[in-house]
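Trainee: Position one of the sequence shown corresponds to residue 5 (our numbering), numbered consecutively onward.
For every residue, glycine included, the Cβ atom is placed at its ideal position computed from N, Cα and C.
Here's a structure for you.
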Amino acid sequence: MATLTFVYSDSTAVIGPLATAREPHSWDLCVGHAGRITAPRGWELVRHPGPLPNPDEDDLVALADAVREGRGGLANRPRSTASVILAARLLGHRPAP
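This is the structure in structure tokens:
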């Protein structure tokens with residue numbers, strides 16, 4: 005997974021490792037989309053050098069837990085590996101709040 009961040013003041017789009025904190029103008033992407041994305045016309049695209057690190061299972065579980073906490077009463081539901089993977093995939097394509 006990767007994070008796309010737009011730096012409007014520099015007309016630059018940056019693809020880097022998955023962000024650990026919320027940032028304005030940032031979106032989390034799967035590795036496939038991060039590799040294919042292009043910058044808006046007239047903008048520069050800066051990519052993280054080398055391969056993007058893959059999140060480990062602990063990172064995905066933490067992500068799923070954060071989603072559950074945001075949903076209130078759903079936080080106590082038992083989690084399965086499939087739901088953790090699905091949450092990571094879905095969140096990888098949504099803008100960060």
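Looking at the unbroken beta strand (DSSP E) that takes in ARG51, where does it start and where does it end?
Mentor: Start and end: 48-51.
Trainee: Which residue's Cα is closest to the Cα of THR16: PRO28, VAL50, VAL65?
Mentor: VAL50
Trainee: From ALA68, PRO21, ASP69, pick the residue whose C-alpha is nearest to that of HIS52; which is it?
Mentor: PRO21
Trainee: Distance check for GLU27 and ASP14, CA to CA, integer angstroms please.
Mentor: 16 Å
Trainee: Please list, in chain order, all residues of the same chain as HIS29 whose beta carbon is under 8 Å from its beta carbon, the five residues on each side excluded.
Mentor: Contacts found: THR9, PHE10, VAL11, TYR12.
Trainee: Taking the alpha-carbon positions, what's the VAL35 to ASP69 distance?
Mentor: Within the model, the alpha-carbon separation for VAL35 versus ASP69 is close to 22 Å.
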